[in-house]
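Here my numbering is used: the first residue of the sequence shown is 63, the next is one more, and so on. Ideal placement from N, C-alpha and C gives every residue a C-beta, glycine not left out. Shown next, in structure tokens, is the structure this report addresses.
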Amino acid sequence: MRSWFDIDLDELPDAAFVIGSDGRIARWNLMAEQLFEWSRQDVLGHPLEQFLQFEDGSWRTEAVTQARAGRIFRGTQKVCVRDRTLFLDWSMNGIAPESRDTATLEIVRDITQRVKREQALNQLFVESPHVVSVIDMTTSQFIQVSRQFCKSQRRDEKEILGKTAEQIGIVPADNALELKTKLLTDGYLEAEEVQTTKADGSISFGLTSARQLDIDGRKCAVTAWQDITKLKRAEAALRAAHKRFDEAMAVIPVVIWWVTFDQGKATDAYISLEVDRILRLPEGTLRNDWDGLMARIHPEDIAHVQHEIALSFQHPGTNHQVEYRLQRADGTSAWIRTSGVGRLGPNGTIHGFGISEDITAQRLAAAEQERLAQQLQQSQKLESLGRLAGGIAHDFNNILTAILGNLDLVTMQLEPGDPRLARLREAHSAGRKAADLTRHLLALSRQKIIEPRVVDLNELVDNASRLLERLLGENIRLRKVLHANLWSVKVDPNQIEQVLINLAVNARDAMPEGGTLTLETSHVQLDKTYCENHPEATVGPHVMLAVSDTGCGMTPEVKASVFEPFFTTKPPGQGTGLGLAMVHGLIRQHGGSIAFYSEPGQGTTFKVYLPALHVKPTSLGLSTHLPTVKGGTETIFLVEDDEGVRRLAGDVLSQLGYRIFSFESVSSALEAASCHNGEIDLLLTDVVLPEHNGRWLADQLLSLFPTMKVLFSSGYTADVIVHHGVLEENIHFLEKPYSTDALAIAVRRILDGEELVRLATAL
Numbered sequence: 063m064r065s066w067f068d069i070d071l072d073e074l075p076d077a078a079f080v081i082g083s084d085g086r087i088a089r090w091n092l093m094a095e096q097l098f099e100w101s102r103q104d105v106l107g108h109p110l111e112q113f114l115q116f117e118d119g120s121w122r123t124e125a126v127t128q129a130r131a132g133r134i135f136r137g138t139q140k141v142c143v144r145d146r147t148l149f150l151d152w153s154m155n156g157i158a159p160e161s162r163d164t165a166t167l168e169i170v171r172d173i174t175q176r177v178k179r180e181q182a183l184n185q186l187f188v189e190s191p192h193v194v195s196v197i198d199m200t201t202s203q204f205i206q207v208s209r210q211f212c213k214s215q216r217r218d219e220k221e222i223l224g225k226t227a228e229q230i231g232i233v234p235a236d237n238a239l240e241l242k243t244k245l246l247t248d249g250y251l252e253a254e255e256v257q258t259t260k261a262d263g264s265i266s267f268g269l270t271s272a273r274q275l276d277i278d279g280r281k282c283a284v285t286a287w288q289d290i291t292k293l294k295r296a297e298a299a300l301r302a303a304h305k306r307f308d309e310a311m312a313v314i315p316v317v318i319w320w321v322t323f324d325q326g327k328a329t330d331a332y333i334s335l336e337v338d339r340i341l342r343l344p345e346g347t348l349r350n351d352w353d354g355l356m357a358r359i360h361p362e363d364i365a366h367v368q369h370e371i372a373l374s375f376q377h378p379g380t381n382h383q384v385e386y387r388l389q390r391a392d393g394t395s396a397w398i399r400t401s402g403v404g405r406l407g408p409n410g411t412i413h414g415f416g417i418s419e420d421i422t423a424q425r426l427a428a429a430e431q432e433r434l435a436q437q438l439q440q441s442q443k444l445e446s447l448g449r450l451a452g453g454i455a456h457d458f459n460n461i462l463t464a465i466l467g468n469l470d471l472v473t474m475q476l477e478p479g480d481p482r483l484a485r486l487r488e489a490h491s492a493g494r495k496a497a498d499l500t501r502h503l504l505a506l507s508r509q510k511i512i513e514p515r516v517v518d519l520n521e522l523v524d525n526a527s528r529l530l531e532r533l534l535g536e537n538i539r540l541r542k543v544l545h546a547n548l549w550s551v552k553v554d555p556n557q558i559e560q561v562l563i564n565l566a567v568n569a570r571d572a573m574p575e576g577g578t579l580t581l582e583t584s585h586v587q588l589d590k591t592y593c594e595n596h597p598e599a600t601v602g603p604h605v606m607l608a609v610s611d612t613g614c615g616m617t618p619e620v621k622a623s624v625f626e627p628f629f630t631t632k633p634p635g636q637g638t639g640l641g642l643a644m645v646h647g648l649i650r651q652h653g654g655s656i657a658f659y660s661e662p663g664q665g666t667t668f669k670v671y672l673p674a675l676h677v678k679p680t681s682l683g684l685s686t687h688l689p690t691v692k693g694g695t696e697t698i699f700l701v702e703d704d705e706g707v708r709r710l711a712g713d714v715l716s717q718l719g720y721r722i723f724s725f726e727s728v729s730s731a732l733e734a735a736s737c738h739n740g741e742i743d744l745l746l747t748d749v750v751l752p753e754h755n756g757r758w759l760a761d762q763l764l765s766l767f768p769t770m771k772v773l774f775s776s777g778y779t780a781d782v783i784v785h786h787g788v789l790e791e792n793i794h795f796l797e798k799p800y801s802t803d804a805l806a807i808a809v810r811r812i813l814d815g816e817e818l819v820r821l822a823t824a825l
């Protein structure tokens, strides 16, 4: 113990005084005078309690005992002085003056303002509208809570203070330990979701945040709690509503969607599950995934769809409709029709709403309907044309058959070296040309049954050019530019020759003053861009056949109708308008396409594109081997309404040893057959007869003579004969005009049981 006489209390910055062992004030410094407003003269020798009134004076007894025992006492005391209330930071230390009992040196500091601030803050904490608390990190006990905290837990403050969260049952022990560990590790908690149990047993959910603080030397945590129970319930209700909405949407066969665009980008979207069914994707694949949906737009349709979206940005409130393709999971495409409208939102956002429906079936049905309508229209036109041309050709071919057949007979009757043979050969040659022209005429009238084979187009052009030179005349030069090592094509050579003839004839008529006709072949790779602009074309390697003239060219009006049947620029009687329509149909039938380029006064170029093959072509050369003409003794019924043809065929077959019965009508043939003794080995009949057609006659005779063979003959092309019921399996046909050798060979082969379907003439 040190002597208090050694201490100059006035040098101390705080109020200080000495209380003697008798409990009276022995010393009183200047700071005490200022703080308590009592002078030394007033207080010395008097008890301290005479001037200071303590809220609870019992503390002094314990404090004096500690001080006199050599221990320092410290505490905060509330004191009333002259109607003032002070909060004092009080310390007491024991001292021993000479020959006296132990006294106490007491030093006090005014902390009234600090305490009032702390009380105000504490009051704010307690009365805060937020759920806040202070927890001792050492014991995990609550040391202070706001009234709102108590209210949220439906507990009294006394039930909470001094207890842990798990003791109260607010949170499970494992959850409390997890939160405490995280807080000790990181120093804070940030919006951690916690499930709590209230006093009444109800469950609530909240977000808790916490920070570690040191309060009066204690490691504490200040926590804040935000009740999200209503939010969680709202979320659950929203999920349930979404589920019910999705279930309702699932039975609607359209995609319902909405999307929000911010600066051109989709920031929020809803897409019903129907889109996954349409695209054959697992359910939920594209749920609310706008960018994923856009990524499935067919590459060829992206620009079109983006254009429509841009228009919706520019014209909000206007309904927009667009049709496009989406790629399915299996690689196929679905046609979609989308109808939508945009609405302006805040801050420049645009909200889009709409529906999308699968119109693939409608598209296919419409395409099929259009195809069938076009087929019907074309069929009706060609049927009318076929009847007209067929009737003309029938009579013309009968005439040619008689002419050529009789020329053959006269030729056989003359001796070799007879000077008249030369003229007969000239006449026969002219007849063959007339027969060729007849077949060309029939080809112009309808699509023929094609017999494609792999050929070299250059060889075909070379063979046809000899005929073209005769067609063009002397004032038109024929020029050929043929690509070496040309790819092969699979075509019917006869039909492609018809294409060349028709294009050449048109070119000739466009050059009345003469000019140049150029035939060109080359390799061409048709790309997607070209095919987009030419729908009939297909992507891939092709062989191009170009026919160019230096003629008058075509006006826009003519170009618009150039492939239409019956369209012609020629005067009445000089053109049927069927040539280019036939060309177009034949090329399409071969899987190719045709395009043309023309300007008035600049000539015209037709370009035919045929799919290329990389296989070796077959030769177009004609066989020089002719079968030997043989006769026989069989019985033949000959039915032909044209007298010249009937007489010719009868004479030829009679000279070969056959037993011939000739008739000009169906009724006369049936009457003769009904009383005929013996077998009829062969019926040679025209197809078109005045009373009935040849097929009907054959059926009647076959019922009487089941072993009879039948050979039909006509000037009609194959599709017309089919119309009359011919060219079924095991049916034989000889096309007019035919030569005497062709007739003899056909009859012998049929009687011998050899195959003779669609026998070509041997002119």
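For my contact list, threonine 270 and threonine 285 are in at a C-beta cut-off of 8 angstroms; report their separation, rounded to the angstrom. Here residue 270 corresponds to residue number 208 of the sequence shown, with the count starting at 1. Here residue 285 corresponds to residue number 223 of the sequence shown, with the count starting at 1. Confirmed, Cβ separation roughly 6 angstroms.
Could you check which residue in Thr422, Asp571 and Val561 has the C-alpha nearest to that of lysine 632? Looking up residue 632 in the sequence shown gives position 570. Answer by Cα proximity: Asp571.
Given histidine 330 as reference, the closest of Asp351, Ile340 and Pro344 once Cα atoms are compared: To locate residue 330, count along the sequence shown from 1; it is residue 268. In the sequence on display, residue 330 carries aspartate and not histidine. When Asp351, Ile340 and Pro344 are compared, the shortest CA-CA separation from aspartate 330 is found for Asp351.
Residues bridged to methionine 606 by DSSP? Counted from its first residue, the sequence shown places residue 606 at position 544. DSSP output for methionine 606 lists Ser584 and Tyr671 as bridge partner(s).
Tell me which residue opens and which closes the beta strand (DSSP E) that tryptophan 90 is part of. Residue mapping note: residue 90 aligns to position 28 of the sequence shown, counting from 1. Residues 87 to 90.
Go ahead and pull the three-state DSSP assignment for isoleucine 173. Indexing the sequence shown from 1 puts residue 173 at position 111. Shown here, isoleucine 173 sits in coil according to DSSP, grouped into three states, outside any helix or strand.
Can you list, in chain order, the residues of its chain with a C-beta nearer than 8 angstroms to that of threonine 200? Leave out the 5 residues immediately preceding and following it. Walking along the sequence shown from the start, residue 200 turns up at place 138. For threonine 200, same chain residues with a beta-carbon under 8 angstroms away, outside a window of 5 residues either side, are Arg280 and Lys281 in chain order.
Test item: CB-CB of alanine 253 and alanine 238 under 8 angstroms: Mapped onto the sequence shown, residue 253 falls at position 191. Mapped onto the sequence shown, residue 238 falls at position 176. Contact flag unset, no.
With serine 730 as the anchor, note down where its beta strand (DSSP E) starts and where it stops. Along the sequence shown, read from residue 1 onward, the residue named residue 730 stands at position 668. From DSSP, serine 730 is part of no beta strand (DSSP E) but of the alpha helix (DSSP H) over 728 to 736.
If you run the structure through DSSP and keep just helix, strand and coil, what is valine 782? On the sequence shown, position 720 is the one that residue 782 refers to. With a pLDDT of 37 at valine 782, under the threshold of 50, the predicted position of this residue should be treated as unreliable, and no value is reported.
Counting only runs of 4+ residues fully inside the region 197 to 228, write out the alpha helix (DSSP H) ranges in chain order. Runs of the alpha helix (DSSP H) inside the region 197 to 228: 209 to 215 and 219 to 222.
Cβ neighbours of isoleucine 679 in the same chain (closer than 7 angstroms, five flanking residues each side left out): For the purposes of this step, residue 679 is taken as the residue at position 617 of the sequence shown. First, the amino acid is wrong: residue 679 is proline here, not isoleucine. These residues qualify, in order along the chain: Val516, Val517, Asp518 and Ser550.
Considering serine 623, what are the terminal residues of the alpha helix (DSSP H) in which it resides? What you label residue 623 is simply residue 561 of the sequence shown in a count that begins at 1. Per DSSP, serine 623 belongs to no alpha helix (DSSP H) and is neither H nor E.
Is it the case that the region 366 to 379 contacts the region 402 to 410, given that we only count it when at least three CB pairs across the two stretches are under 8 angstroms? Touching, yes.
Are leucine 759 and alanine 731 touching if we call contact CB-CB under 8 angstroms? In the sequence shown, counting from the first residue as 1, residue 759 sits at position 697. In the sequence shown, counting from the first residue as 1, residue 731 sits at position 669. Taking 8 angstroms as the Cβ cut-off, leucine 759 and alanine 731 qualify as a contacting pair.
Helix, strand or coil: which one does DSSP assign to asparagine 564? Counted from its first residue, the sequence shown places residue 564 at position 502. Reduced to three states, the DSSP call for asparagine 564 is helix.
Under three-state DSSP, which class holds serine 120? Numbered from 1 along the sequence shown, position 58 holds the residue referred to as residue 120. When DSSP states are grouped into helix, strand and coil, serine 120 belongs to the coil group.
Which residue comes first and which comes last in the alpha helix (DSSP H) that contains glutamate 99? Translated into positions along the sequence shown, residue 99 becomes position 37. Segment: none, glutamate 99 is in no alpha helix (DSSP H) and carries neither H nor E.
Report yes if the CB atom of leucine 424 is closer than 8 angstroms to the CB atom of threonine 400, and no otherwise. Translated into positions along the sequence shown, residue 424 becomes position 362. Translated into positions along the sequence shown, residue 400 becomes position 338. Correcting the residue identity first, residue 424 is glutamine in this sequence and not leucine. For glutamine 424 and threonine 400, no; Cβs fall outside 8 angstroms.
Could you tell me whether the region 530 to 539 touches the region 642 to 653, where touching means 3 or more Cβ pairs closer than 8 angstroms? At 8 angstroms Cβ cutoff, the stretches do not touch.
Environment of alanine 296 [buried if 16+ CB atoms lie within 10 Å]: Translated into positions along the sequence shown, residue 296 becomes position 234. Exposed is the call here.
Assess contact between the region 363 to 376 and the region 330 to 344, defined as three or more Cβ pairs (one per stretch) separated by less than 8 angstroms. Is contact present? Judged by Cβ distances under 8 angstroms, the region 363 to 376 makes no contact with the region 330 to 344, as fewer than three pairs qualify.
Which residues in the same chain have their Cβ closer than 7 angstroms to the Cβ of isoleucine 81, if we skip the five residues on either side of it in sequence? For the purposes of this step, residue 81 is taken as the residue at position 19 of the sequence shown. Excluding sequence positions up to five before and after isoleucine 81, its CB lies within less than 7 angstroms of the CB of Ile87, Ala88, Leu110, Ala165, Thr166 and Glu168, all in the same chain and listed in chain order.
Taking the straight line between their C-alpha atoms, what separation do you get for arginine 339 and threonine 322? As a first step, residue 339 is located in the sequence shown; it is residue number 277 there, counting from the start. As a first step, residue 322 is located in the sequence shown; it is residue number 260 there, counting from the start. When rounded, the distance between both Cα atoms is 24 angstroms.
Is there at least one Cβ from chain D nearer than 8 angstroms to phenylalanine 323's Cβ? In the structure shown, chain D does not exist; there is a single protein chain.
Going by DSSP, name the residue or residues bridged to arginine 539. As a working mapping, residue 539 is identified with position 477 in the sequence shown. Partner(s): Thr578.
For tyrosine 800, which three-state DSSP category applies? Residue numbering aside, residue 800 sits at position 738 when the sequence shown is read from its first letter. DSSP places tyrosine 800 in coil when its eight states are reduced to three.
In whole angstroms, give me the CA-to-CA distance for arginine 358 and glycine 402. To locate residue 358, count along the sequence shown from 1; it is residue 296. To locate residue 402, count along the sequence shown from 1; it is residue 340. Arginine 358 and glycine 402 have their alpha carbons spaced roughly 19 angstroms apart.
Between the region 538 to 547 and the region 580 to 592, are three or more C-beta pairs nearer than 8 angstroms? With three or more CB-CB distances shorter than 8 angstroms, the region 538 to 547 counts as touching the region 580 to 592.
Collapsed DSSP secondary structure at proline 408 in the structure displayed: What you label residue 408 is simply residue 346 of the sequence shown in a count that begins at 1. Under the three-state reduction of DSSP output, proline 408 falls in the helix class.
Separation of isoleucine 563 from asparagine 460, as counted between CA atoms: For the purposes of this step, residue 460 is taken as residue 398 along the sequence shown, with counting starting at 1. For the purposes of this step, residue 563 is taken as residue 501 along the sequence shown, with counting starting at 1. When rounded, the distance between both Cα atoms is 25 angstroms.
Assigned exposure category for valine 797 - 16 Cβ within 10 Å defines buried: Locating residue 797 in the sequence shown gives position 735, where the first residue counts as 1. The identity of residue 797 in the sequence shown is glutamate, whereas the question assumes valine. By the neighbour-count rule (16 or more Cβ atoms within 10 Å), glutamate 797 is buried.
Going by C-alpha to C-alpha distance, which of Leu710, Val701, Val620 and Met606 sits closest to histidine 545? Locating residue 545 in the sequence shown gives position 483, counting from the first residue. When only C-alpha atoms are compared, the closest one is Met606.
Give me the Cα-Cα distance between valine 193 and alanine 272, rounded to the nearest whole angstrom. For this step, residue 193 is matched to residue 131 along the sequence shown. For this step, residue 272 is matched to residue 210 along the sequence shown. Near 12 angstroms, if we compare the C-alpha coordinates of alanine 272 and valine 193.
How is tryptophan 549 classed by DSSP in three states: helix, strand or coil? The count along the sequence shown starts at 1 and reaches residue 549 at position 487. Coil, per DSSP.
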